[in-house]
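Undergrad:
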Amino acid sequence: MKKNFIPTIDISSLLNGLNSKKSKETIKKIEKAWLKLVSFNINHGMNKKQIQSISNVGKKFFRSSEQNKIKFGSKKME
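Those letters in the sequence shown? Residues 13 to 90, by our numbering.
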């Protein structure tokens with residue numbers, strides 16, 4: 013790895029379990045990046061439209077009333 017280079021690691025292979033050859037290779041890449049750089053980007057496979065949609069939902073939630081937010085809280089908080 014180049015100095016000052018933060019790799020992007022595709023984690024899609026991990027979605028189907030951790031025992032496949034591809035999953036094990038991905039885990040090794042994560043381990044190597046973490047141990048050498050303490051950082052890496054995750055390629056989650058979401059496009060910009062999906063990311064924007066999720067961002068909009070989050071903004072709408074955090075702009076809502078406390079009463080509305082409490083509806084989504086953990087039962088342990090009550």
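The beta-carbon is built from N, C-alpha and C at its ideal position, and this holds for glycine as well. This structure is a prediction, so every number in the text was calculated from the model and none was measured.
#1: For S65, count neighbouring Cβ atoms within 10 angstroms of its own Cβ and tell me buried if that reaches 16, exposed if not.
#2: Would you report the Cα separation of A45 and I18, rounded to the nearest angstrom?
#3: I need the DSSP call for N53, collapsed to helix, strand or coil.
#4: Helix or strand or just coil, what does DSSP make of I21?
TA: A quick look at the data gives this:
#1: Position 53 of the sequence shown, counting from 1, holds the residue named residue 65. Per the 10 Å Cβ criterion, exposed.
#2: Here residue 45 refers to the residue found at position 33 of the sequence shown. Here residue 18 refers to the residue found at position 6 of the sequence shown. Using only the alpha carbons, I get a separation of about 8 Å.
#3: Position 41 of the sequence shown, counting from 1, holds the residue named residue 53. Strand, per DSSP.
#4: In the sequence shown, the residue the question calls residue 21 occupies position 9. I21: strand per DSSP, three-state reduction.
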